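Right, one structure below, let's go through it.
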Amino acid sequence: MLLELQHVIKRFHDKELLQIPVWQIHQGQRIGLIGANGCGKTTLLRILQGVCEVEEGVVRRFCTLSYFEQLSQQVSYGDGRLLRELSVSHLQSMKQVSGGEQQRLRLSKALSTPCHLYLLDEPTSNLDQQGIAFVKKALQNMDSFVLVTHERSLLQEVCNQIIEIKDGRLHIYEGNYESYLYQKEEHRKYLQHRYDTIEKQRHQLQKAYEQKIKQAQKAKRKPRNVSNSERKMRGKVALRKSKDGISKAMYRQADAIASRMEHLEKVEVLKEEEAIVMDVQALNLPKGKWLLKAEGLSVSYGRHNVLKNVHFFMKNHSRVALVGENGCGKTTLLQAIVQGNPAIWKAPKVKIGRLFQQFENLKDEQSVYENAMADSVQGEHVVRTILDRLLFQQQDLKKPVAVLSGGERMRLGFAKLMVGSSNLLLLDEPTNYLDLPSIRCITKLLQNYEGSVLFVSHDAAFIKEVATEVWELREHTLYMPQDCVKSCSKKQGQIDPDIVTKRMILDMRRSEVAHRLIQASGDREVLEKEYAEIMEKLKNL
1 MLLELQHVIK
11 RFHDKELLQI
21 PVWQIHQGQR
31 IGLIGANGCG
41 KTTLLRILQG
51 VCEVEEGVVR
61 RFCTLSYFEQ
71 LSQQVSYGDG
81 RLLRELSVSH
91 LQSMKQVSGG
101 EQQRLRLSKA
111 LSTPCHLYLL
121 DEPTSNLDQQ
131 GIAFVKKALQ
141 NMDSFVLVTH
151 ERSLLQEVCN
161 QIIEIKDGRL
171 HIYEGNYESY
181 LYQKEEHRKY
191 LQHRYDTIEK
201 QRHQLQKAYE
211 QKIKQAQKAK
221 RKPRNVSNSE
231 RKMRGKVALR
241 KSKDGISKAM
251 YRQADAIASR
261 MEHLEKVEVL
271 KEEEAIVMDV
281 QALNLPKGKW
291 LLKAEGLSVS
301 YGRHNVLKNV
311 HFFMKNHSRV
321 ALVGENGCGK
331 TTLLQAIVQG
341 NPAIWKAPKV
351 KIGRLFQQFE
361 NLKDEQSVYE
371 NAMADSVQGE
381 HVVRTILDRL
391 LFQQQDLKKP
401 VAVLSGGERM
411 RLGFAKLMVG
421 SSNLLLLDEP
431 TNYLDLPSIR
441 CITKLLQNYE
451 GSVLFVSHDA
461 AFIKEVATEV
471 WELREHTLYM
481 PQDCVKSCSK
491 KQGQIDPDIV
501 TKRMILDMRR
511 SEVAHRLIQA
521 SGDREVLEKE
531 YAEIMEKLKN
541 L
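For the sequence shown, position 68 matches number 68 in the UniProt record's numbering, and the numbering has no gaps at all.
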């Protein structure tokens, strides 16, 4: 056993956040910790590490721990040795290091610390696909860890247990993420079957109850076709028995049935989602085959070429994922489209809506509901339904945007785009800051969206579920699927999956060798030679 919690209670602002009767972590457990934003995932990791106290209960640690926190502020790396070893020595200070680079450096430090149990809080935030692949391989080589992440590929490929925090309790599912989903679905089916069975019993009991009431009321009525003299002859006792005795017996039976109905098990099931009927006419969708075309697009910042002679054709009604390493120009390409670069042709009627990391489309002084309704071309019912799907409760609608978290801002910005008049959505990392329930909601909404979408993402599962095409930015140019390449300049290549895989493997090897260089105290010549060979192979791909 590595760690044990007993009768732990953690409160936040006098509200119970976590209640854990007993929880043990054993060697070999690779735990994925999931749950809605604010449910207590980070708090639980801090409790395990010992940097957060609990109001009640005991936390016992029997091992060494390494804790990787979410990136909340710039991190100092002393003399910059780590910067040099990870091939970012050309940067003058941490202010020039991107969020992805800072994350890589901090990860290198955390993962190179020998320990029995790793506690990792969103280690793939700000990382590109190569960085995520590196984290995945590192986790596969670990024996025991607790991982908080919204990256479903990690939950699927490296975890052997999923723990969901819901209503302050830990719900434990053995297996990976697909196994978790299967168990959740089976439990949902069981609850639905149980609910249907109980409702059938309730309906039968209700009918029996109503029948007994009718019989009781009928028993109290005076007999028909009986003369007054005959009634007198029957006597008072017989009359009382026929009217009161039978009636009371029927009422008692009805009361017993009502009591049985009250004691029937109450089963809560998920209600079927109401279909969202959007006013498609309000989007004024373009009619042609092509939405965007670029011929010879180039963008530079000073002497630095970000995009060079880029060509692309974007189909109408498509959902395109734009992928590539951090710093390759993905956001720059989106901005070039928004700013109307002369090398980019837009079809008539194209109206662009954008959601970038700065959330420019939100007004801090307005409420959630006011922001969503502003510029909406959809009815109030549609707006409220979409906000509800994106996990905004009724009491949240009056909150000013200024007090929202990053995840709430992302969800609201997305809702505002969905109900607006835009018919081409440009989304920059739309799953950033989001928990898994929010990502599932956004995925469903985009899958049913009538317009077109061009989005930047490093979330492989999200890309697979949403995108109809994938474009890759690499070495200042754009690589597209084969069916689109035929319509573009011959200078454009096509994505070779084998080369992409080789590049990812080499990049992971480069990171590993860099880590070994960091730890090496003696002869480093062999490692430096290996590092140089890897860099040469990357250059030649």
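Think of the CB as a built atom: it goes at the ideal place given N, C-alpha and C, for glycine as much as any other residue. For clarity, every value in this text was computed on a predicted model and none was experimentally measured.
Check: Segments of 4+ residues assigned as alpha helix (DSSP H) that fall wholly inside the stretch 10-63; Outcome: 41-49
Check: Inter-residue spacing [alpha-carbon to alpha-carbon] between Glu469 and Asp459; Outcome: 15 Å
Check: Reference Asn176, options Gln161, Lys166 and Tyr182, closest by Cα; Outcome: Gln161
Check: Cβ-based neighbour list, Lys398, same chain, cut-off 6 Å, excluding 5 preceding and 5 following; Outcome: Ser367
Check: The stretch 412-424 touching the stretch 372-388, judged by at least three CB pairs closer than 8 Å; Outcome: yes
Check: Completely contained beta strand (DSSP E) runs for the stretch 307-335, where each covers 3 or more residues; Outcome: 319-323
Check: Glu536 - DSSP class collapsed to helix/strand/coil; Outcome: helix
Check: Neighbourhood of Glu4 by C-beta, 6 Å cutoff - its chain only, sequence neighbours within 5 removed; Outcome: Gln24 and Arg60
Check: Residue nearest to Ala219 in terms of C-alpha spacing, selected from Ser247, Lys207 and Arg194; Outcome: Ser247
Check: Met278 Cβ short of 7 Å to the ligand SAM heavy atom set; Outcome: The ligand SAM is not part of the structure shown, which contains no ligands of any sort.
Check: With 16 other Cβ atoms within 10 Å as the buried cut-off, status of Asp128; Outcome: buried
Check: Where Ile463 sits in the DSSP three-state scheme; Outcome: helix
Check: Separation of Leu191 from Lys287, as counted between CA atoms; Outcome: 46 Å
Check: Beta-carbon proximity list for Thr43, same chain, < 8 Å, skipping 5 on both sides; Outcome: Lys10, Phe12, Leu17, Leu18 and Cys52
Check: Cβ pair count under 8 Å reaching 3, the stretch 138-148 against the stretch 334-345; Outcome: no
Check: DSSP state of Thr477 mapped onto helix, strand, coil; Outcome: strand
Check: Reference Val158; option with closest CA among Leu147, Ile165, Glu164 and Asp167; Outcome: Leu147
Check: Which listed residue (Ala258, Leu473 and Leu436) has its alpha carbon closest to that of Tyr180; Outcome: Leu436
Check: Burial state of Lys264, where buried means 16 or more other Cβ atoms lie within 10 Å; Outcome: Reading the sequence as shown, one finds Leu at residue 264 and not Lys. The residue in question, Leu264, is exposed, as its Cβ has fewer than 16 Cβ neighbours within 10 Å.
Check: Inter-residue CB distance, Thr438 and Arg411 (contact presumed, cutoff 8 Å); Outcome: It is worth fixing the name first, because residue 438 is Ser in this sequence and not Thr. 6 Å between Cβ atoms; contact.
Check: Rounded C-alpha distance that separates Ala254 from Glu199; Outcome: 18 Å
Check: Environment of Phe313 [buried if 16+ CB atoms lie within 10 Å]; Outcome: buried
Check: Cβ pair Leu334, Leu473 closer than 8 Å; Outcome: no
Check: Span of the alpha helix (DSSP H), counted from its first residue to its last, around Lys416; Outcome: Gly406 to Val419
Check: Meets three-Cβ-pair contact criterion under 8 Å: the stretch 443-461 and the stretch 418-435; Outcome: yes
Check: Close Cβ partners of Ser318 (< 7 Å) along its chain, the five nearest in sequence each way excluded; Outcome: Ser452, Thr468 and Glu469
Check: Cβ shell of Gly78 (< 7 Å), same chain only, five flanking positions each side left out; Outcome: With a pLDDT of 36 at Gly78, under the threshold of 50, the modelled position of that residue is not reliable, and the figure given next carries that caveat. Around Gly78: no qualifying Cβ.
Check: Local conformation of Glu530 per DSSP, three classes; Outcome: helix
Check: Cut-off 6 Å between Cβ atoms - residues of its own chain near Lys491, not counting five sequence neighbours on either side; Outcome: Here Lys491 scores only 37 on pLDDT, less than 50, and its place in the model should not be relied on; the value that follows carries that caveat. Result list for Lys491: empty, nothing under 6 Å.
Check: Limits of the unbroken beta strand (DSSP E) element including Asp428; Outcome: Leu424 to Asp428
Check: Per-residue DSSP class, three states only, for Glu370; Outcome: helix
Check: Residues that Pro400 bridges to, as DSSP identifies them; Outcome: Ser367
Check: 6 Å CB neighbourhood of Ile257 in its chain, flanking five on each side removed; Outcome: Leu205, Ala208 and Tyr209
Check: From Lys214, Trp471, Tyr118 and His150, residue whose alpha carbon lies closest to that of Leu139; Outcome: Tyr118
Check: Cβ-Cβ distance between Ser300 and Asn309 below 8 Å; Outcome: no
Check: Close Cβ partners of Gln6 (< 7 Å) along its chain, the five nearest in sequence each way excluded; Outcome: Val22, Gly57 and Val58
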